[in-house]
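Trainee:
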Amino acid sequence: MRILVVGGTGLIGSHVVDVLRERGHAATTLARTAGPTVDHPLDLGSASTDELRPLLAGHDGVVYATRADEQRLLRKPIYPKLRRDIVDPVVRLFTAAREQGLTCGVVMGSYYTYHDRLHPQWRLPAHHAYIRCRLEQAREGRAAAGPGLPVAVLELPFIFGRAGDRVSNWVGPLDRWARSRAPLLVPAGGTAAASARSVADVAVDALEQRRGEDIPVGDENLTWSEMITRIAGAVDRRRRVGRLPAAAVRTVARLGGAFQALGRKQSGINPAHLADLLLAELFIEPTTGRSLDPALRATFIEPTAAAGHESPRG
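Taking our numbering as reference, the numbering of the sequence shown is continuous, increasing by one, and the terminal residue is 365.
Given below as structure tokens:
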């Protein structure tokens with residue numbers, strides 16, 4: 052197969068390119084910034100369907116692996132801006148892919164859509180504009196692709212690993228915190244986590260099998276305490292991780308919401324409801340069973356001054 056990887060120089064996209072080539076497929080890359088490994092420098096956020104068609108010509112499939120930052124503060128109302136960044140480019144991409152006759156596709160999504168299916172009573176899309184946009188991204192992207200172009204949506208949690216200087220955008224703050232002398236205090240909940248390599252393996256499997264369903268991806272389920280303990284160990288600052296009372300977590304979240312309101316700003320994840328997510332066990336079942344240790348060591352092998360480039364938590 053010949054596959055176009057959008058975001059092919061990012062953390063996950065780079066691993067997808069590697070796995071494709073290891074399995075004997077051809078991979079071409081599209082990224083916002085020109086570089087030695089970029090075949091097509093183009094900002095997908097502003098690219099039209101007409102611009103995308105010739106880039107997709109001759110390909111069998113396409114992978115959408117660009118990042119979306121749910122914590123970025125924007126002026127109210129945030130939903131139209133997030134939709135423009137998250138939903139619209141995918142619709143244009145898969146419209147062009149359908150018109151060029153592509154037969155498989157993958158979108159790197161978020162595990163929040165998985166948890167919305169499991170827990171509709173949480174009303175996640177009503178509370179969080181980012182999650183609403185992720186749901187619309189999957190639904191409208193598939194509608195644009197049509198029945199002849201199955202699109203697998205990989206529902207991704209926290210992603211560990213490294214591709215050159217590319218790491219997840221939450222790595223820098225956690226790296227500094229783990230190396231500091233500040234107390235390590237965390238909520239009671241937890242999260243699924245996966246390596247960028249595992250995500251790439253699942254993505255290429257989906258392309259080869261022309262899968263078109265939602266695919267949650269997780270290597271391990273970790274409580275926040277387990278996750279921070281392992282990060283502290285990776286940076287050789289092993290120490291006790293304490294528990295934050297739920298009341299304290301909720302108070303801090305409410306204060307964050309009040310601060311945003313005063314500044315007339317919003318983030319994709321609403322701070323007023325963030326405590327509910329932090330205190331929940333956002334686990335994925337089943338997991339792959341792969342150990343995160345190699346990816347965790349690669350993530351924190353050196354101070355990550357370059358952190359913040361690619362692929363945060365889903």
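We put the beta carbon where it would ideally sit given N, CA and C, even for glycine.
A quick note: this is a predicted structure, and the numbers were derived from the prediction, not measured.
Using three-state DSSP, classify T355 as helix, strand or coil.
Mentor: Position 304 of the sequence shown holds residue 355. With a pLDDT of 44 at T355, under the threshold of 50, the predicted position of this residue should be treated as unreliable, and no value is reported.
Trainee: Please state the DSSP three-state secondary structure of F211.
Mentor: What you label residue 211 is simply residue 160 of the sequence shown in a count that begins at 1. Three-state DSSP puts F211 in a strand.
Trainee: For N321 and L328, I'd like the C-alpha separation in whole angstroms.
Mentor: Residue 321 sits at position 270 when you count from the first residue of the sequence shown. Residue 328 sits at position 277 when you count from the first residue of the sequence shown. Roughly 10 Å separates the two Cα atoms.
Trainee: By the three-class DSSP mapping on this structure, what secondary structure does P201 have?
Mentor: The count along the sequence shown starts at 1 and reaches residue 201 at position 150. DSSP places P201 in coil when its eight states are reduced to three.
Trainee: Kindly identify the DSSP beta-bridge partner or partners of D270.
Mentor: The count along the sequence shown starts at 1 and reaches residue 270 at position 219. Paired residues: none, contrary to the question.
Trainee: Rounded to whole angstroms, what's the CA-CA distance from G59 to A298? Just pull it up for me.
Mentor: In the sequence shown, the residue the question calls residue 59 occupies position 8. In the sequence shown, the residue the question calls residue 298 occupies position 247. Cα to Cα, G59 sits roughly 42 Å from A298.
Trainee: So, using beta-carbon positions, are V114 and I54 closer together than 8 Å?
Mentor: In the sequence shown, counting from the first residue as 1, residue 114 sits at position 63. In the sequence shown, counting from the first residue as 1, residue 54 sits at position 3. Going by C-beta atoms, V114 is nearer than 8 Å to I54.
Trainee: According to DSSP, V217 sits in a beta bridge with which residue or residues?
Mentor: Stepping through the sequence shown from its first residue, residue 217 is reached at position 166. The sequence as given places Arg at residue 217; Val does not occur at that position. Its beta-bridge partners are A214.
Trainee: By alpha-carbon positions, which one of R83, P267, I137 and P87 ends up nearest to V57?
Mentor: Taking the first residue of the sequence shown as 1, we reach residue 57 at position 6. Considering only alpha carbons, the answer is R83.
Trainee: Which residues bound the beta strand (DSSP E) around R294?
Mentor: For this step, residue 294 is matched to residue 243 along the sequence shown. Run containing R294: V292 to R294, per the beta strand (DSSP E) assignment.
Trainee: Measuring CB atoms only, is the region 88-101 touching the region 267-282, in the sense that at least three cross pairs come out at less than 8 Å?
Mentor: These segments do not touch.
Trainee: With three or more beta-carbon pairs closer than 8 Å as the criterion, would you say the region 182-194 touches the region 129-139?
Mentor: These segments touch.
Trainee: Return the chain-ordered list of same chain residues with a C-beta closer than 6 Å to the C-beta of D90, the five sequence neighbours on each side being excluded.
Mentor: Start at 1 with the first residue of the sequence shown, and residue 90 comes out as number 39. For D90, where only same-chain residues beyond five positions count, the Cβ hits under 6 Å are T79 and T80.
Trainee: So, for D111: in the same chain, excluding its five sequence neighbours on each side, which residues have a beta-carbon less than 7 Å away from its beta-carbon?
Mentor: Here residue 111 is taken as the residue at index 60 of the sequence shown, counted from 1. Excluding sequence neighbours, D111 sits near M52, R53, I54, L153, T154 and C155.
Trainee: Taking 8 Å as the limit between beta carbons, can you name the residues of its chain near I282, skipping five residues before and five after?
Mentor: Position 231 of the sequence shown holds residue 282. Hits under 8 Å: L225, D226, A229, L347 and F351.
Trainee: Which residue spans inside the region 61-127 form an unbroken alpha helix (DSSP H) run of at least 4?
Mentor: Whole alpha helix (DSSP H) segments, 4+ residues: 62-73 and 100-107.
Trainee: Comparing alpha-carbon positions, which option in H76, V68 and A349 lies nearest D216?
Mentor: Sequence index remark: in the sequence shown, residue 216 carries index 165 (1-based). Here the closest residue by C-alpha is A349.
Trainee: Measure the C-alpha to C-alpha separation of L197 and G308 and round it to an integer number of angstroms.
Mentor: Mapped onto the sequence shown, residue 197 falls at position 146. Mapped onto the sequence shown, residue 308 falls at position 257. The question names Leu, but residue 197 in the sequence shown is Gly. Spanning the two alpha carbons is a distance of roughly 40 Å.
Trainee: In whole angstroms, what separates the C-alpha of D120 from that of S219?
Mentor: Your numbering for residue 120 matches position 69 in the sequence shown. Your numbering for residue 219 matches position 168 in the sequence shown. Distance between the alpha carbons of D120 and S219 is about 10 Å.
Trainee: Please name the residue or residues paired with V157 in a DSSP beta bridge.
Mentor: Your numbering for residue 157 matches position 106 in the sequence shown. DSSP, once it has assigned bridges, lists V114 and A203 as partnering V157.
Trainee: Alpha carbon to alpha carbon, how far is D265 from A177? Give it in angstroms, no decimals.
Mentor: Counting from 1 along the sequence shown, the entry for residue 177 is found at position 126. Counting from 1 along the sequence shown, the entry for residue 265 is found at position 214. One C-alpha to the other measures close to 21 Å.
Trainee: Taking its Cβ as the centre, do 16 or more other Cβ atoms sit within 10 Å of G293, making it buried, or is it exposed?
Mentor: Along the sequence shown, read from residue 1 onward, the residue named residue 293 stands at position 242. Exposed is the call here.
Trainee: Hey, out of R291, H166, I210 and T338, whose CA is closest to A116's CA?
Mentor: Walking along the sequence shown from the start, residue 116 turns up at place 65. The candidate whose alpha carbon is nearest that of A116 is I210.
Trainee: Run through DSSP, which three-state label would I320 get?
Mentor: Indexing the sequence shown from 1 puts residue 320 at position 269. Looking at I320 - three-state DSSP - the assignment turns out to be coil, as it is neither helix nor strand.
Trainee: Put E187 into one of helix, strand or coil per three-state DSSP.
Mentor: As a working note, residue 187 is residue 136 in the sequence shown. If DSSP states are grouped into helix, strand and coil, E187 belongs with the helices.
Trainee: Can you tell me which of the three DSSP states S276 falls into?
Mentor: Translated into positions along the sequence shown, residue 276 becomes position 225. It is helical.
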